[in-house]
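What follows is a set of notes on a single structure, which appears directly below.
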Amino acid sequence: MKFQTKVTDPTKIEADLLAIFAWEGENNEIILSESVKKVDRQLANLLTDIIANEQFEPKKNETILLHTHGKIPSSRVLLVGLGKLNEITMVDWQNAGAVIARNAKKIHAQNVAISIPSEIISLLKAKPAGEGITVGLQLGYYSFEKYKSREILTSAFAKASADRSAGRDKEIKSVFLVSPTILDTFALGVIEGEIIACAVIYARDLVNEPSSVTTPTYLAKLAQNLAKQNKQITCTVLSEKEMKKIGMNAILGVARGSDEEAKFIHLIYQESPSHKASANRRKTICLVGKGITFDSGGLSLKPTSGMDTMKMDMAGGADILAIFSVLPKLKPKVNVVGLIAATENMPGGSAIKLGDVVTALNGKTIEIMNTDAEGRVILADALSYVDKLDQKPEAIIDLATLTGACMVALGEEVAGLFSNHNQLKEQLLKQANISGEQIWELPLVDLYKEELKSEVADLKNSTKSKYGGAITAALFLSEFVPKDIPWAHLDIAGPAWAEKDTPLRPVGGTGFGIVTLLHYLLSF
Ligand code: BES
Ligand code: ZN
Ligand code: ZN
Numbered sequence: 053m054k055f056q057t058k059v060t061d062p063t064k065i066e067a068d069l070l071a072i073f074a075w076e077g078e079n080n081e082i083i084l085s086e087s088v089k090k091v092d093r094q095l096a097n098l099l100t101d102i103i104a105n106e107q108f109e110p111k112k113n114e115t116i117l118l119h120t121h122g123k124i125p126s127s128r129v130l131l132v133g134l135g136k137l138n139e140i141t142m143v144d145w146q147n148a149g150a151v152i153a154r155n156a157k158k159i160h161a162q163n164v165a166i167s168i169p170s171e172i173i174s175l176l177k178a179k180p181a182g183e184g185i186t187v188g189l190q191l192g193y194y195s196f197e198k199y200k201s202r203e204i205l206t207s208a209f210a211k212a213s214a215d216r217s218a219g220r221d222k223e224i225k226s227v228f229l230v231s232p233t234i235l236d237t238f239a240l241g242v243i244e245g246e247i248i249a250c251a252v253i254y255a256r257d258l259v260n261e262p263s264s265v266t267t268p269t270y271l272a273k274l275a276q277n278l279a280k281q282n283k284q285i286t287c288t289v290l291s292e293k294e295m296k297k298i299g300m301n302a303i304l305g306v307a308r309g310s311d312e313e314a315k316f317i318h319l320i321y322q323e324s325p326s327h328k329a330s331a332n333r334r335k336t337i338c339l340v341g342k343g344i345t346f347d348s349g350g351l352s353l354k355p356t357s358g359m360d361t362m363k364m365d366m367a368g369g370a371d372i373l374a375i376f377s378v379l380p381k382l383k384p385k386v387n388v389v390g391l392i393a394a395t396e397n398m399p400g401g402s403a404i405k406l407g408d409v410v411t412a413l414n415g416k417t418i419e420i421m422n423t424d425a426e427g428r429v430i431l432a433d434a435l436s437y438v439d440k441l442d443q444k445p446e447a448i449i450d451l452a453t454l455t456g457a458c459m460v461a462l463g464e465e466v467a468g469l470f471s472n473h474n475q476l477k478e479q480l481l482k483q484a485n486i487s488g489e490q491i492w493e494l495p496l497v498d499l500y501k502e503e504l505k506s507e508v509a510d511l512k513n514s515t516k517s518k519y520g521g522a523i524t525a526a527l528f529l530s531e532f533v534p535k536d537i538p539w540a541h542l543d544i545a546g547p548a549w550a551e552k553d554t555p556l557r558p559v560g561g562t563g564f565g566i567v568t569l570l571h572y573l574l575s576f
């Protein structure tokens with residue numbers, strides 16, 4: 053999709069679809085943007101008639117699509133509701149963008165014009181509005197149709213999606229019509245929104261791709277390619293042999309049941325060498341991702357109903373690759389390290405058995421009591437690895453589709469946040485709130501550490517208790533976080549995968565966490 057921001061009269065522009073906005077005032081009165089009023093006059097009061105007949109209310113996500121019958125140059129008009137004026141946030145702009153995209157897709161619009169109601173956007177809010185609506189438009193258009201043959205696609209909707217996958221959606225042009233006052237600031241938001249959405253789409257594609265494609269070796273190649281394409285990124289990939297040499301026996305234990313070789317991916321983003329002096333003074337944030345490219349459960353095999361979506365168990369790792377793919381364009385003023393522990397969890401003949409003991413990189417021993425609790429085992433090595441970094445990071449944030457228990461606690465839309473550091477926690481909650489990704493704090497209950505005690509090793513990887521599984525998993529991870537580094541753990545088991553279609557995301561991988569983390573990195 054191509055974006056443009058300019059100052060043009062909405063009644064003069066020729067588009068396949070012209071989106072215009074209405075909202076509710078303080079006393080629930082309906083307010084029409086100046087562009088709606090202009091268009092309405094040209095359409096012989098069609099819009100005001102519709103509103104008077106209560107066929108449209110300007111609530112959030114409400115739309116009505118109308119033919120213009122040649123009365124204005126654009127062939128169709130989409131009236132979009134924004135809800136209450138004083139409550140319109142960046143998330144509302146995302147949703148508005150997504151519903152516009154869904155409508156545009158439905159009617160196969162190639163040229164979309166969106167008349168931004170500048171009268172309600174202060175200069176301060178122009179950038180988030182530009183970002184939000186641009187992100188929404190791109191995510192609203194998103195679908196994964198790579199494996200559907202074009203011939204059997206019946207709806208125009210599905211065909212448009214197939215076109216996107218084939219790169220043909222580049223032909224779709226969106227133009228934002230704004231007032232001169234906010235033009236430049238809004239356009240900056242659009243540029244940022246394009247980049248951020250690009251990252252989310254990168255992650256969605258990766259999660260939706262079958263696990264036979266997205267093997268650990270494939271993820272490692274993607275990481276190496278990012279380094280090849282950007283001089284600000286360097287990448288080291290540890291093979292199983294190299295992991296063995298330094299003592300990453302926890303990942304290797306999980307990998308034993310699989311024919312695919314495990315990989316440990318170490319990415320570094322640093323401003324280009326010419327700016328090295330300032331780059332060296334910068335803080336480093338370390339992102340750690342669970343990259344189980346398929347979680348069968350291992351010998352503690354999952355039933356089919358729990359296994360069918362388990363290609364998504366590398367969503368944390370996919371998020372990190374996606375974030376790195378846009379860092380050179382976003383240029384945050386912080387160095388970023390990305391660590392991805394990538395392996396399959398399979399029940400092959402050499403698979404790790406219940407009762408086996410592995411020694412993680414930090415020397416702690418783990419008794420395997422359930423091979424399906426593999427995420428925490430691979431993250432034990434990945435978190436310990438932080439101690440080996442050249443520069444001690446300011447913070448470690450791990451992303452992991454870690455526990456079904458977190459979904460029991462918070463449902464499918466909300467990620468669990470655990471942290472040993474209040475400031476880091478508050479920063480993440482703040483950025484999530486701005487980004488429209490829902491995260492909720494859960495406690496690291498010290499008392500429950502008892503449950504992780506093993507008869508034969510330092511820790512066991514799963515507890516006897518049926519309760520508090522998200523917490524005990526997080527407590528397990530905390531045992532491997534190097535001392536004195538602020539750490540946050542995001543259990544994204546629920547929101548990393550969507551079971552229901554909404555305008556911002558179809559069923560499948562969501563890229564959850566990326567918008568929040570990119571905003572977090574940009575906040576430095
Ligand atoms: N990958 C799963 C967690 C998961 C479940 C992610 C559903 C997304 C959707 C993880 O490896 C797992 O199987 N966890 C077990 C832990 C248990 C055996 C202690 C779980 O949650 O049941
Ligand atoms: Zn598992
Ligand atoms: Zn898993």
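Going from the sequence shown to this note's numbering is simple: count from 1 and add 52. All residues carry an ideal CB built from backbone N, CA and C; glycine is no exception.
Roughly how many angstroms lie between the CA atoms of residue i and residue j, to the nearest whole one?
| i | j | result |
| --- | --- | --- |
| Thr395 | Thr356 | 20 Å |
| Ser87 | Gly77 | 17 Å |
| Ile430 | Ser487 | 29 Å |
| Thr421 | Glu313 | Position check: residue 421 holds Met in this sequence, whereas Thr was assumed. Cα-Cα distance, rounded: 23 Å. |
| Glu292 | Ile168 | 53 Å |
| Ala545 | Ile448 | 19 Å |
| Arg333 | Lys385 | 10 Å |
| Pro62 | Ile152 | 16 Å |
| Asp311 | Ser506 | 30 Å |
| Lys354 | Leu274 | 29 Å |
| Met53 | Glu426 | 39 Å |
| Tyr519 | Lys501 | 13 Å |
| Gly369 | Glu503 | 28 Å |
| Ser231 | Pro180 | 16 Å |
| Leu131 | Leu118 | 8 Å |
| Ser201 | Phe564 | 28 Å |
| Pro445 | Phe576 | 14 Å |
| Leu258 | Thr267 | 11 Å |
| Leu454 | Ser195 | 25 Å |
| Phe108 | Pro555 | 19 Å |
| Lys512 | Gly521 | 13 Å |
| Ala251 | Lys283 | 18 Å |
| Asp498 | Arg256 | 35 Å |
| Lys342 | Gly309 | 18 Å |
Measure the beta-carbon distance from residue i to residue j and round it to whole angstroms, keeping in mind my assumption that it falls under 8 Å.
| i | j | result |
| --- | --- | --- |
| Leu110 | Trp75 | A small fix is needed here, since residue 110 is Pro in this sequence, not Leu. Between Trp75 and Pro110 the Cβ distance is about 5 Å, and since that is below 8 Å, they are a contact. |
| Ile166 | Ala71 | 4 Å |
| Phe55 | Thr186 | 6 Å |
| Ala367 | Gly560 | Rounded, the Cβ-Cβ distance is 11 Å, inconsistent with contact. |
| Leu176 | Gly149 | Between Gly149 and Leu176 the Cβ distance is about 20 Å, and since that is not below 8 Å, they are no contact. |
| Gly350 | Ala403 | 6 Å |
| Asp371 | Ile566 | 5 Å |
| Thr417 | Asp510 | 5 Å |
| Ile247 | Val378 | 5 Å |
| Gln443 | Thr336 | 5 Å |
| Ala548 | Arg557 | Going by Cβ atoms, the distance from Ala548 to Arg557 rounds to 11 Å, so no, they are not a contact pair. |
| Leu451 | Leu574 | Not really, about 17 Å apart at Cβ, beyond 8 Å. |
| Ala272 | Val289 | 4 Å |
Using C-beta distances below 8 Å, list every residue in its chain close to residue i, excluding the 5 sequence neighbours before and after it, in chain order.
| i | result |
| --- | --- |
| Leu137 | Trp75, Glu76, Gly77, Glu78, Ile83, Ile172 |
| Ile65 | Pro125, Ser126, Ala165, Val227, Leu229 |
| Leu406 | Leu351, Ser352, Ile420, Met421, Asn422, Thr423 |
Here's a check: name, in chain order, each residue in its chain whose Cβ is nearer than 6 Å to the Cβ of residue i, leaving out the five neighbours to either side.
| i | result |
| --- | --- |
| Asp347 | Met362, Asp365, Asn397 |
| Lys383 | none |
| Ile140 | Leu134 |
| Val533 | Leu435, Trp539 |
| Met459 | Ala545, Gly546 |
| Val143 | Gly488 |
| Phe73 | Ser85, Val132, Leu134, Pro169 |
| Pro380 | Asn282, Gln284 |
Would you say residue i reaches chain C, if we count a Cβ-Cβ gap shorter than 8 Å as a contact?
| i | result |
| --- | --- |
| Val409 | Going by chain labels, chain C is absent from the structure shown, which holds only one protein chain. |
Who are the Cβ neighbours of residue i in its own chain at under 7 Å, not counting the five residues just before and after it?
| i | result |
| --- | --- |
| Phe376 | Leu278, Ile285, Leu319, Tyr321, Gly390 |
| Asn163 | Ala67, Asp68, Lys225 |
| Leu527 | Leu496, Tyr500, Lys501, Leu504 |
| Tyr572 | Gln479, Leu480, Gln483 |
| Val129 | Leu70, Ile72, Val91, Leu118, Thr120 |
### Task
Kindly confirm or deny that the stretch 454-474 and the stretch 531-540 touch, where touching means at least three C-beta pairs closer than 8 Å.
yes
### Task
Check each residue's C-beta against every heavy atom of ligand 1 and list, in chain order, those closer than 5 Å.
Asp347, Asp365, Asn422, Asp424, Ala425, Gly427, Thr453, Thr455, Gly456, Ser514, Ala545
### Query
Below 8 Å, can you find three or more Cβ-Cβ pairs linking the stretch 176-186 to the stretch 237-244?
yes
#### Entry: the stretch 117-133 in contact with the stretch 94-102 per 3-pair CB rule at 8 Å
yes
### Message
Under 8 Å, with one C-beta from each stretch per pair, do the stretch 406-414 and the stretch 434-447 reach the 3-pair mark?
### Response
yes
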